[in-house]
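Undergrad: Sharing a structure, written as structure tokens. Questions coming.
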Amino acid sequence: MQFLLIFNEKFNRDNNNNNAAFFLSFYLFLSNLFLLINGEYDIGVGIADVTGPITDINFMGYGKFEQVGKGLHLRQWARSYIIDDGNQILVFVNVDVGMIGDGLRLQVLKSLKEIYGDAYNSQNVIISGTHTHSAPGGFLMHFLFDLPCKGFSRETFDALVDGIVKSISMAHLNKKKGNIFISKGHLYDTNMNRSPTAYLENPEWERALYQNDTDTEMIQLKFISNDNVPMGVINWFPVHPTSMNNTNTLVSSDNVGYASIKFEKMMNPNHLLGNGPFVASFASTNLGDVSPNIRGPKCQKTGSPCNIMRSTCEEDVCIASGPGKDMFESTAIIADRLFQKARELWGGSSEKVSGPVKIIHQYVDMPKAEAEIKNAEGKTVKVKGCPPAMGYSFAAGTVDGPGAFSFKQGTLSTNPTWNIVRNILASPTENDILCQAPKPILLATGRMKYPFDWQPSIVSTQLALIGNVALIAVPGEFTTMSGRRMKKQITKRMMENGLVNPWPIIAGLSNTYSDYITTFEEYQVQRYEGASTIFGPHTLTLYLNQYDKLLNALFQNKRMDSGPEPQDLLSQKFSFITPVVYDFPKIGYTFGAVLEQPVNVSGPGTTVRAKFLAGNPRNNLMHGKTYCTIERLNSENKWMVVATDADWETKIKWSPINHFTPGNSITVEWTVPDDVTPGIYRIRHFGHSKHFLGRIFPYSGTSDKFQVTNLHHPSPPLPFPPHTHTHIIIIIILIAVRKT
Numbered sequence: 001m002q003f004l005l006i007f008n009e010k011f012n013r014d015n016n017n018n019n020a021a022f023f024l025s026f027y028l029f030l031s032n033l034f035l036l037i038n039g040e041y042d043i044g045v046g047i048a049d050v051t052g053p054i055t056d057i058n059f060m061g062y063g064k065f066e067q068v069g070k071g072l073h074l075r076q077w078a079r080s081y082i083i084d085d086g087n088q089i090l091v092f093v094n095v096d097v098g099m100i101g102d103g104l105r106l107q108v109l110k111s112l113k114e115i116y117g118d119a120y121n122s123q124n125v126i127i128s129g130t131h132t133h134s135a136p137g138g139f140l141m142h143f144l145f146d147l148p149c150k151g152f153s154r155e156t157f158d159a160l161v162d163g164i165v166k167s168i169s170m171a172h173l174n175k176k177k178g179n180i181f182i183s184k185g186h187l188y189d190t191n192m193n194r195s196p197t198a199y200l201e202n203p204e205w206e207r208a209l210y211q212n213d214t215d216t217e218m219i220q221l222k223f224i225s226n227d228n229v230p231m232g233v234i235n236w237f238p239v240h241p242t243s244m245n246n247t248n249t250l251v252s253s254d255n256v257g258y259a260s261i262k263f264e265k266m267m268n269p270n271h272l273l274g275n276g277p278f279v280a281s282f283a284s285t286n287l288g289d290v291s292p293n294i295r296g297p298k299c300q301k302t303g304s305p306c307n308i309m310r311s312t313c314e315e316d317v318c319i320a321s322g323p324g325k326d327m328f329e330s331t332a333i334i335a336d337r338l339f340q341k342a343r344e345l346w347g348g349s350s351e352k353v354s355g356p357v358k359i360i361h362q363y364v365d366m367p368k369a370e371a372e373i374k375n376a377e378g379k380t381v382k383v384k385g386c387p388p389a390m391g392y393s394f395a396a397g398t399v400d401g402p403g404a405f406s407f408k409q410g411t412l413s414t415n416p417t418w419n420i421v422r423n424i425l426a427s428p429t430e431n432d433i434l435c436q437a438p439k440p441i442l443l444a445t446g447r448m449k450y451p452f453d454w455q456p457s458i459v460s461t462q463l464a465l466i467g468n469v470a471l472i473a474v475p476g477e478f479t480t481m482s483g484r485r486m487k488k489q490i491t492k493r494m495m496e497n498g499l500v501n502p503w504p505i506i507a508g509l510s511n512t513y514s515d516y517i518t519t520f521e522e523y524q525v526q527r528y529e530g531a532s533t534i535f536g537p538h539t540l541t542l543y544l545n546q547y548d549k550l551l552n553a554l555f556q557n558k559r560m561d562s563g564p565e566p567q568d569l570l571s572q573k574f575s576f577i578t579p580v581v582y583d584f585p586k587i588g589y590t591f592g593a594v595l596e597q598p599v600n601v602s603g604p605g606t607t608v609r610a611k612f613l614a615g616n617p618r619n620n621l622m623h624g625k626t627y628c629t630i631e632r633l634n635s636e637n638k639w640m641v642v643a644t645d646a647d648w649e650t651k652i653k654w655s656p657i658n659h660f661t662p663g664n665s666i667t668v669e670w671t672v673p674d675d676v677t678p679g680i681y682r683i684r685h686f687g688h689s690k691h692f693l694g695r696i697f698p699y700s701g702t703s704d705k706f707q708v709t710n711l712h713h714p715s716p717p718l719p720f721p722p723h724t725h726t727h728i729i730i731i732i733i734l735i736a737v738r739k740t
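Residue numbers (the UniProt record's numbering): 1 to 740.
Set out below in structure tokens:
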């Protein structure tokens, strides 16, 4: 039926032209129809570096002002996938970043328009963030989001825009005929619900439909060319990339990023990371209340269970961790479990995807959005969104990263002192308070316009169909049950329109970041996720209504208006980030000089270190390059690169030389892998230094040679770092004082 609708559209349009043009169009239509019936598409994949500045910039995610970048563990990547059925083109980009902001997406679309005209636009480009909490921030532009990062970071923003555009361009150039396959499987011992008491507020009959309080299903799309060459894969599994905790200062793509690396290394043997033809993604979905720290929350001093309702401890801090002995091991374990399940799905049975590509997008002003629901008496009533606001429990943080002061999750009342601070910034109206109830408003962000909007009111909503696969691009973090309700509704509508065996997929943190989306019931207890559901208790209902409209429009081949455009904040940005003034060389040394040499002999499990006199890594982000190489002398007496700064086994650590000597250093660490080839090795560092007159110069340094054997000498384990957290509230107080 869908094919007939497409033909009818083309016939009515083309019948007014001359016969030759019509028959040419009809021929092309039949060709495309044949391809769709056979499930064949033009598909392309691409990958590009989006790593931001690895020093001096605060990370985005935990909202902790002390969490400033001091090096690099895993690079950030943008991974793009293009699906073209001959009539419609869909672009899906998965980015190793905390989330996607409107301004970032708008700039990407502007850049694409300069290259490709209208081929890639707001209707057909979905950009989704993995939600890593260990990457540089300052790119979202709404005041509340950039505040913990000391404002807008042009370096971070440009790195993301340029890399995303480059990855899409690579996918465009790499397009070839191929097929898409879909499969799913359950993965256990990889996630847990961090707000189980809120989940229990959902109706008992609804909870009985599911075995767990998190989704355990991984969904996989795999891309295979017509000549049977694997091209790429996307895996969706709900888990927060918060294995790396809020004490980490090394840029990292966290558990999902490392899972992508492991899959790409398997599929791209003999290629350095980022250079292979196969592209693997682990993308975000309904992860809002889902943690990877599966040992659960414990009081850190005593090891006893936390208060389950408030996630607090008596004179102690409540933190979830695990499954490893430290955050690096936990990241590796969760990543490996994700990778192993994805590899199993890749080699198992799958369903071929066939049918047309359809995409629709609309901006929505959420405080003005309305929907109808049945109330407790069975009467139909109208509900609407609220101006954005954050509740008291937002400041409490989560068990993945606790907050500050005496804030607790589950807070349903206000505090007079904090209300004074709030009201200096912006007072919520009586309607705001009633609309957001039972949320006690800590920050009336919808009323806060100084120096500009603190949070978005207009959000991006987008839906794509690839045959019987629905990609639901949502502008925030849906909780487990919120995602289930959305998928259930989409499935029902797809079946009503004749699609057999629908595959609904929540693509989380796409296009706009508007915090969390809980169910109405979860919202009532005001844990962190409910307090961060900014548009009020009926937010999920409004989204269910909106995506229902989008899906109906797709099935009826109707256009929808684009909706109100979000404000472009690029011209209103603020920043307290200081530039690199110049790099001070140590007296008697040149940049790249080795300050500490590696040990003479090492083996598997040993961490080898070399320390170099260094310029600030912000002088050059080294996209397509590397700050370090690990090299082995081969049988031809030539040095061969075996690892770069993109590999798990390497770490780059930036620090002052010492308290008494001016200048800075980079320490390159390499943990020798178990499968290492014995031989002679060396470590090299590449960087750029800034002269006091402003010019930037490249330099390099090379360590002494050292021997690697196949004898196992494990390094002593790193202690689990202490957990401290200073929340955004501190700066809010300062702003409030300044305004007085």
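Glycine included, every Cβ here is placed at the ideal spot set by N, Cα and C. In this text, all values refer to a predicted model and were calculated from it rather than measured experimentally.
Out of curiosity, what's the CA-to-CA distance linking residue 66 and residue 60?
TA: Looking at the two C-alpha atoms, the distance is approximately 11 Å.
Undergrad: Express the C-alpha separation of residue 481 and residue 314 in angstroms, rounding to a whole number.
TA: About 31 Å.
Undergrad: Assess, as a yes-or-no matter, whether the segment 506-514 is touched by the segment 277-292 under the definition of 3 or more beta carbon pairs within less than 8 Å.
TA: Counting Cβ pairs under 8 Å, three or more are found: they touch.
Undergrad: Since residue 416 is in the alpha helix (DSSP H), which residue starts that stretch and which ends it?
TA: Run containing residue 416: 416-425, per the alpha helix (DSSP H) assignment.
Undergrad: On the three-state DSSP scale, how would you describe residue 793?
TA: This structure cannot settle anything about residue 793, because the visible part of the chain is limited to 1 through 740.
Undergrad: Which residue from 672, 707, 619 puts its Cα closest to that of residue 688?
TA: It is 619.
Undergrad: Check the C-beta distance from residue 741 over to residue 540 and give it rounded, since I have them as a contact under 8 Å.
TA: Missing from the structure shown is residue 741; the chain here goes from 1 to 740 and no further.
Undergrad: Which residues does DSSP pair with residue 297 in a beta bridge?
TA: Residue 297 is bridged to 320.
Undergrad: Given that a residue counts as buried once 16 or more other Cβ atoms are within 10 Å of its Cβ, and exposed if not, what is residue 748?
TA: For the chain, the structure presents residues 1 to 740; residue 748 sits outside this window and is missing.
Undergrad: Have a look at 467, 476, 463 and flag the residue whose alpha-carbon is nearest the alpha-carbon of residue 457.
TA: The option with the nearest alpha carbon to residue 457 is 476.
Undergrad: In this structure, does DSSP put residue 258 in helix, strand or coil?
TA: Here residue 258 sits in helix by DSSP.
Undergrad: Does the segment 81-98 come within contact of the segment 166-177, defined as at least 3 CB pairs closer than 8 Å?
TA: Judged by Cβ distances under 8 Å, the segment 81-98 makes contact with the segment 166-177, as three or more pairs qualify.
Undergrad: Output the boundary residues of the alpha helix (DSSP H) element that contains residue 169.
TA: Taken as a continuous stretch (DSSP letters only), the alpha helix (DSSP H) holding residue 169 covers 154-173.
Undergrad: Is it buried or exposed, residue 635, if we count other Cβ atoms within 10 angstroms and call 16 or more buried?
TA: Classification for residue 635: exposed.
Undergrad: Per DSSP, what kind of secondary structure is residue 147 in: helix, strand or coil?
TA: Of the three classes helix, strand and coil, the one that applies to residue 147 here is helix, per DSSP.
Undergrad: Please report the residue range of the alpha helix (DSSP H) in which residue 103 lies.
TA: From DSSP, the alpha helix (DSSP H) with residue 103 extends over 102-116.
Undergrad: Among 182, 137, 101, which one has its Cα closest to the Cα of residue 64?
TA: Residue 64 has its Cα closest to that of 137, out of 182, 137, 101.
Undergrad: Are the beta-carbon atoms of residue 778 and residue 392 separated by less than 8 Å?
TA: A question about residue 778 goes unanswered here, because the residues of the chain that appear run from 1 up to 740.
Undergrad: Considering Cα atoms alone, identify which of 290, 657, 626 is closest to residue 644.
TA: The residue with the shortest Cα to Cα distance from residue 644 is 626.
Undergrad: Find the nearest neighbour of residue 460 within the set 226, 529, 543, 588, judged by alpha-carbon distance.
TA: Closest option to residue 460, Cα to Cα, is 543.
Undergrad: Among 537, 260, 73, 165, which has the Cα closest to the Cα of residue 114?
TA: It is 165.
Undergrad: Using a Cβ-Cβ cut-off of 8 Å (strictly less than) and excluding sequence neighbours within five positions of residue 562, which residues of its own chain qualify?
TA: Closer than 8 Å at the Cβ level, and outside the excluded window around residue 562, lie 122, 361, 362, 363.
Undergrad: According to DSSP, simplified to helix, strand and coil, what is residue 489?
TA: If DSSP states are grouped into helix, strand and coil, residue 489 belongs with the helices.
Undergrad: Does the beta-carbon of residue 228 have 16 or more other beta-carbons within 10 angstroms, so that it is buried, or is it exposed?
TA: Its Cβ having fewer than 16 others within 10 Å, residue 228 is exposed.
Undergrad: Between which two residues does the beta strand (DSSP E) harbouring residue 197 extend?
TA: No beta strand (DSSP E) holds residue 197; the alpha helix (DSSP H) holding it covers 196-199.
Undergrad: Would you identify the three-state DSSP class for residue 436, choosing helix, strand or coil?
TA: Helix, per DSSP.
Undergrad: Measuring CA to CA, which of 252, 161, 587 is closest to residue 70?
TA: Comparing Cα-Cα distances from residue 70 to each of 252, 161, 587, the minimum goes to 252.
Undergrad: At what residues does the beta strand (DSSP E) containing residue 632 begin and finish?
TA: Its beta strand (DSSP E) spans residues 628-633.
Undergrad: Can you give the beta carbon distance from residue 706 to residue 601, rounded, assuming they're within the 8 Å contact cut?
TA: Yes, residue 706 and residue 601 are in contact; Cβ-Cβ is about 7 Å, under 8 Å.
Undergrad: Roughly how many angstroms lie between the CA atoms of residue 430 and residue 407, to the nearest whole one?
TA: Answer to the nearest angstrom: the Cα atoms are 24 Å apart.
Undergrad: Using 8 Å as the threshold, is the C-beta distance between residue 467 and residue 355 below it?
TA: Their beta carbons are under 8 Å apart, which means residue 467 touches residue 355 by this criterion.
Undergrad: Can you have a look at residue 676 and say buried or exposed, based on whether 16 or more other CB atoms are within 10 angstroms of its CB?
TA: So residue 676 counts as buried.
Undergrad: Work out the CA separation of residue 641 and residue 214 for me, nearest whole Å.
TA: Each residue's alpha carbon lies about 42 Å from the other.
Undergrad: Under three-state DSSP, which class holds residue 341?
TA: Helix.
Undergrad: For residue 84, which three-state DSSP category applies?
TA: Strand at residue 84.
Undergrad: Using CA atoms only, rank isn't needed, just tell me which of 436, 438, 444 is closest to residue 420.
TA: Minimum Cα distance to residue 420 is reached at 444.
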